[in-house]
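**Student:**
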Amino acid sequence: MKVKAIQSFNDWESGIRRLENEVFEITDERFEVLENNLKVSFSVSISDVLEIIEEEIMQGDKETPRK
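To convert a position in the sequence shown, counted from 1, into the numbering used here, add 882.
1) Would you kindly work out how many angstroms separate the C-alpha atoms of N892 and V926, rounded to a whole number?
2) Report yes if the CB atom of E936 is closer than 9 Å to the CB atom of R912, and no otherwise.
3) Report the partner residues of R912 according to the DSSP bridge assignment.
4) Quick check on DSSP: helix, strand or coil for N892?
5) Contact check, K884 vs E907 under 8 Å by CB: the rounded distance?
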């Protein structure tokens, strides 16, 4: 899934700092781990830190077929 950081945070598993407005991809499992860690360790809701970005549906044409 594609997500956007609403605020900066340390992504310890990836070993980097995610910056505000950074867009990146994570698995559903990783999302659940982050959600749990934020709740247990910091009493923060994941919705305060990450926004799920809806995937756009690929539109095809004659030259660029739909995948």
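Glycine included, every Cβ here is placed at the ideal spot set by N, Cα and C. The structure displayed is predicted, hence computed values, not measured ones.
**Tutor:** Based on what the coordinates show:
1) 14 Å
2) Their beta carbons are not under 9 Å apart, which means E936 does not touch R912 by this criterion.
3) R912 is not bridged to any residue.
4) In the structure shown, N892 sits in a strand (DSSP, three-state: E or B).
5) With 8 Å as the limit, K884 and E907 qualify as a contact, their Cβ atoms being about 5 Å apart.
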